[in-house]
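Trainee: Below is the structure I would like to discuss, written out as structure tokens.
In the numbering used here, the protein residues as written are 173 to 420.
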């Protein structure tokens, strides 16, 4: 397997990236793979999904987004707008690679939400979309005044918001409140696979069910008795992704 590690500059911020290609691969599809909130490209489920994609002949471009992993920026200062800006730049980079003949977008949790936003913004560039446990609830939760179970005043947003052991700028909530993922769902006509654990402790399965019903060409694979990161049945999540791309 050929592997290349590098940084993509986005408005003066470095985005850490790893491009992995299947052994002997020539021209073919590439999947951009996004991690989730507090995550990074080397998490177990991210690596497993990327390996599954490469087993089907799909090259992968994993990235650490703003304030996460080895990329620039402070976690507390990241927002979905910053992630969207970097995600668009990563898609531009991937689209310019001479061996790529189709571009797929994969994302877990907040990265799954990001992947849905990007696909709606770039429907002509994204040949297939794969949100995994997508955190579709973030914008509405921000409008209601709660993030990861931590309440705040959604009208008079504080300068900082505590989420577990971490702190976010109030701008994270301000940005999230403006996002309506339904608009981007309606803009994407391509094939969609959503994978979701039935025992997801952070994101309700009903959100993914509603998204699948709204997309024009989508299917949902539910991993029984599994959590947000597929700790119990990661092999089943990977198998769903492999089956989906094999049929494209």
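Ideal Cβ placement from N, Cα and C applies to all residues, glycine included.
#1: Alpha carbon to alpha carbon, what distance is there between residue 315 and residue 349?
#2: DSSP three-state call for residue 254: helix, strand or coil?
#3: So the alpha helix (DSSP H) residue 311 belongs to, where does it begin and stop?
#4: Count the other CB atoms within 10 Å of the CB of residue 401; is the residue buried (16 or more) or exposed (fewer)?
#5: Does the Cβ of residue 203 have 16 or more other Cβ atoms within 10 Å, making it buried, or fewer, making it exposed?
#6: Can you pull the DSSP bridge partners for residue 242?
#7: Which of helix, strand or coil does DSSP assign to residue 191?
#8: I'd like the list of long-range same chain contacts for residue 225, defined as Cβ closer than 7 Å, with 5 residues on each side in sequence excluded.
#9: Could you tell me the alpha carbon to alpha carbon distance between residue 289 and residue 388, rounded to whole angstroms?
#10: Please list the segments of the alpha helix (DSSP H) lying wholly inside the stretch 270-339, counting only runs of 4 or more residues, in order along the chain.
#11: Which residues does DSSP list as the beta-bridge partners of residue 179?
#12: With distances taken Cα to Cα, identify the nearest neighbour of residue 386 among 358, 285, 284, 267.
#13: Between 305, 296, 269, 343, which lies nearest to residue 286 when the distance is taken from Cα to Cα?
Mentor: The short version:
#1: As a first step, residue 349 must be located in the chain shown, where it is residue number 177. As a first step, residue 315 must be located in the chain shown, where it is residue number 143. Roughly 5 Å between the two C-alpha positions.
#2: Along the chain shown, one-based indexing puts residue 254 at 82. Residue 254 falls in the helix class under three-state DSSP.
#3: Stepping through the chain shown from its first residue, residue 311 is reached at position 139. Run containing residue 311: 310-316, per the alpha helix (DSSP H) assignment.
#4: In the chain shown, counting from the first residue as 1, residue 401 sits at position 229. By the 10 Å Cβ count, residue 401 comes out buried.
#5: Taking the first residue of the chain shown as 1, we reach residue 203 at position 31. If you draw a 10 Å sphere on the C-beta of residue 203, you find 16 or more other C-beta atoms in it, and that means buried.
#6: The residue labelled residue 242 in the question sits at position 70 within the chain shown. BP columns for residue 242 are empty, so no partner.
#7: Indexing the chain shown from 1 puts residue 191 at position 19. Three-state DSSP puts residue 191 in a strand.
#8: The residue labelled residue 225 in the question sits at position 53 within the chain shown. Within the same chain, residue 225 has close Cβ partners 203, 232, 413, 417.
#9: The residue given as residue 289 occupies position 117 in the chain shown. The residue given as residue 388 occupies position 216 in the chain shown. One C-alpha to the other measures close to 15 Å.
#10: For the stretch 270-339, whole alpha helix (DSSP H) runs of length 4 or above, ordered along the chain, are 282-293, 310-316.
#11: Position 7 of the chain shown, counting from 1, holds the residue named residue 179. Paired residue(s): 188.
#12: As a position in the chain shown, residue 386 is number 214, starting the count at 1. Scanning 358, 285, 284, 267 for the CA closest to the CA of residue 386 turns up 358.
#13: The residue you call residue 286 lines up with position 114 of the chain shown. Nearest to residue 286 by alpha-carbon distance, out of 305, 296, 269, 343, is 305.
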